[in-house]
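Read top to bottom, the protein sequences are chains L and R.
Start counting at 1 in the first sequence, then tack on 110, and there's your number in this note's numbering.
Start counting at 1 in the second sequence, then tack on 12, and there's your number in this note's numbering.
All C-beta atoms, glycine included, are put in the ideal place defined by N, C-alpha and C.
Report on the structure given below.
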Amino acid sequence: MHLIRDVLDKQLIDREDCKMGRASGLIMQLGENTQPRVTHIVIGGPALWMRIRPGLRKLSTKLAHLWGPKRKEPVTIPWSRVKTVGKDVNLDVEAKETGALDWELWIARHIIERIPGGGSKEEE
Amino acid sequence: MKKILQLTLGIVTSVGGFLEIGSVTTAAQAGARFGYQLLWAILLGTLCLIFLIEMSGRLAAVSKHTIVDAMRERFGFPFFFFVLIGMVIVAFLVLVAELGGISFALQILTGIRFPWWALPVSLLVWLLMWKGTFSLIENGASLLGLVTISFVVAAFKLGPDWSSVGSSLIPSLPDSDKANYGFLAVSILGASISPYLMYFYSSGAIEDKWDRSYITMNRIIAGFGMTFGGFLSMAVLVAAALALRPKGLQVDTFPQAALLMTTALPRWGFYLFALSMLFACFGAALEISLAIAYFFAQGFGWSWSEDLEPSQDARFAFVYTIIILLAAVPLMLRVDPIKVTMLSMALTSASLPLAIVPFLFLMNDPIYLGKHRNGWISNAVVAIVILISFVLAIISIPLQIIGG
């Protein structure tokens, strides 16, 4: 597998076919006597913005503390949860439990569902 | 049978996206100033758009990727983000122009000035997106948009000289006023080749679940739909050349543009013009708002579909809500919609390489398209037209600004 071509920036899908963002970074483990190996996929947040400019990493972290779901740790998915890598990357996880949908749910709850006709609240 | 119904996707894309305030204003100004002489620009723009729309549909049918999906994956986040900023700025200005077109149409129908219409109109566009489904938007806009055929009736009734119409399909330079001629050519190309149409169309193909069996149908839709749109634009230019040019009118205001219809159809022309603008701009406003929301959602991998309840694709719904409401603000502050239109069309032309060059790379990539990738003819046609419009834009926009 070609990590940059086949995994980075690919659409991530959970086990219920829910879109949960794109692979914005990969975490690798470098051992002295072992081959480097990928341990996690990172979703959204500072990992994404630092790809444009390293300075944007701090800025995006600061802004995220001002507004929204205020998550402290970046969202990471262990590589062992990767089911298939094809057109999309399918993961054996539930998107809501990983934190990947924190913003989606926050905007749904705080803005969209408060507008008439925005949709049901019973799911939550 | 379902596939035949899908022709409506092509028609709405052309009526709602092709004939809108941009193409009507640029074609009317061109006709009023230079007679038939700029018809070649519409022909060139339409030809290029047929190829681009066909490619957008083929990419979706073969690879199951929208353009934005493929762009983010193939070129990575930093490049995607750069294109996102450029495209959103241009598309936003076009959206302001379309909302202005609707508001202006309501102004000439009711007498109430356009700034008062800006907010109600943007709320109505938003409401349709909020409650409507993709097929409602697709079919509703295409049926209502058919009223724009009245431009063709007007053009025929004015009795154009067909041999000079035909000879204007070959480019030529005017004797004077070359800077303005160049600027109008650029604006016509920008009004014809709108990247948001491609984003809308490729997302629509995914919403309608196209697969490889749609490749032939896609070709017919792109060819038929865009030719239809181009034909309507040409009718506007011809009607303006015959109705406005002899009176020396320049189409700086909307009521002047209405004269291109009332001269041919004194009784109904005024209402037909207002309704044509109303429906065509409305369809375009829906398409652009959707295209911007698709761009964000697909690029960042959020859930998106016009058929889901807003709470199920909250970030997608949030983007179009904000964009539509913001677009009403300049109009409420009385910014002239015709000026915004001309500016946004020229900027579209200048920004075409940003949208089209990466797209051409994708269309030649065997990973996405396998044996269905572009042949040399489609690559050459699109590359040449994009180069022409970019060079014209770089030369004529500064000249237009200097010349006022």
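Residue i versus residue j: straight-line alpha-carbon distance, rounded
i	j	result
residue 198 of chain R	residue 252 of chain R	18 Å
residue 168 of chain L	residue 131 of chain L	21 Å
residue 140 of chain R	residue 109 of chain R	19 Å
residue 218 of chain R	residue 257 of chain R	45 Å
residue 128 of chain R	residue 290 of chain R	16 Å
residue 43 of chain R	residue 97 of chain R	34 Å
residue 381 of chain R	residue 71 of chain R	7 Å
residue 247 of chain R	residue 285 of chain R	13 Å
residue 45 of chain R	residue 263 of chain R	9 Å
residue 1 of chain R	residue 316 of chain R	Nothing can be reported for residue 1 of chain R, as the shown portion of chain R is limited to 13 through 416.
residue 356 of chain R	residue 409 of chain R	11 Å
residue 120 of chain R	residue 260 of chain R	22 Å
residue 136 of chain R	residue 185 of chain R	44 Å
residue 173 of chain L	residue 87 of chain R	26 Å
residue 41 of chain R	residue 192 of chain R	10 Å
residue 313 of chain R	residue 282 of chain R	46 Å
residue 366 of chain R	residue 228 of chain R	28 Å
residue 225 of chain L	residue 95 of chain R	31 Å
residue 123 of chain L	residue 148 of chain L	19 Å
residue 56 of chain R	residue 343 of chain R	32 Å
residue 116 of chain L	residue 76 of chain R	16 Å
residue 74 of chain R	residue 208 of chain L	32 Å
residue 250 of chain R	residue 36 of chain R	11 Å
residue 52 of chain L	residue 178 of chain L	The structure shown does not extend to residue 52 of chain L, since chain L spans only 111 to 234, so no value can be given for it.
residue 354 of chain R	residue 214 of chain L	37 Å
residue 404 of chain R	residue 369 of chain R	17 Å
Strand pairing of residue i, partner residues [DSSP]
i	result
residue 135 of chain L	L:152
residue 121 of chain L	L:132
Secondary structure of residue i, DSSP reduced to three states
i	result
residue 120 of chain R	helix
residue 194 of chain L	strand
residue 200 of chain L	strand
residue 167 of chain L	helix
residue 278 of chain R	coil
residue 185 of chain L	strand
residue 147 of chain L	strand
residue 159 of chain L	helix
residue 166 of chain R	helix
residue 215 of chain L	helix
residue 183 of chain R	coil
**Report entry** Interface positions of the region 90-104 of chain R facing chain L (Cβ-Cβ less than 7 Å), listed along the chain
**Finding:** The residues in question are 90, 93.
Query raised in the report: Okay, do the region 158-174 of chain L and the region 189-207 of chain L touch, 3+ Cβ pairs below 8 Å being the bar?
Result: Between the region 158-174 of chain L and the region 189-207 of chain L, the count of C-beta pairs closer than 8 Å stays below three; the two stretches do not touch.
Report task. Say whether the region 128-138 of chain L touches the region 93-107 of chain R, bearing in mind that this needs 3 or more beta-carbon pairs closer than 8 Å, one atom from each stretch. Result -> No contact exists between the region 128-138 of chain L and the region 93-107 of chain R.
Query raised in the report: Counting pairs of beta carbons, one from the region 332-345 of chain R and one from the region 164-184 of chain R, are three or more of them closer than 8 Å?
Result: Touching, no.
Query raised in the report: Do the region 290-309 of chain R and the region 148-162 of chain R touch if we need at least three Cβ pairs shorter than 8 Å?
Result: Short answer: they touch.
Query raised in the report: Just checking, does the region 69-83 of chain R make contact with the region 374-390 of chain R on the three C-beta pairs under 8 Å criterion?
Result: The region 69-83 of chain R is in contact with the region 374-390 of chain R.
Report task. Could you run through the region 165-188 of chain L and flag, in chain order, every residue whose CB is less than 8 Å away from some CB of chain R? Result -> For the region 165-188 of chain L, which is checked against every Cβ of chain R, not one residue is closer than 8 Å.
Report task. For the region 193-206 of chain L, enumerate the residues whose C-beta is nearer than 7 Å to any C-beta of chain R, in chain order. Result -> With the criterion set as a beta carbon lying under 7 Å from some beta carbon of chain R, the members of the region 193-206 of chain L are 197, in sequence order.
Query raised in the report: When Cβ atoms are compared, which residues of the region 124-156 of chain L fall closer than 9 Å to chain R?
Result: Along the region 124-156 of chain L, the positions whose C-beta sits under 9 Å from a C-beta of chain R are 128, 129, 130, 131, 132, 133, 134, 153, 154, read in chain order.
Query raised in the report: When you check each C-beta in the region 73-86 of chain R against every C-beta of chain L, which residues fall closer than 9 Å?
Result: For the region 73-86 of chain R, the set of residues with a beta-carbon nearer than 9 Å to any beta-carbon of chain L comprises 75, 76, 77, 81, 84, 85, 86, in chain order.
Query raised in the report: the region 303-321 of chain R: which residues have C-beta closer than 7 Å to a C-beta of chain L, in chain order?
Result: For the region 303-321 of chain R, the beta-carbon criterion of a distance under 7 Å to any beta-carbon of chain L is satisfied by 312, 313, 314, 315, 321.
Requested in this report: Identify each residue in the region 328-350 of chain R for which the Cβ-Cβ distance to at least one residue of chain L is less than 7 Å, and report them in chain order.
Outcome: Residues passing the 7 Å Cβ filter: 329, 330.
Query raised in the report: Relative to chain L, which residues along the region 130-146 of chain R have a C-beta separation below 9 Å, given in chain order?
Result: Within the region 130-146 of chain R, those residues whose Cβ lies closer than 9 Å to any Cβ of chain L are, in chain order, 139, 142, 143.
Query - Touch test, the region 62-69 of chain R against the region 224-237 of chain R, Cβ-Cβ under 8 Å, three pairs minimum - result: The region 62-69 of chain R is in contact with the region 224-237 of chain R.
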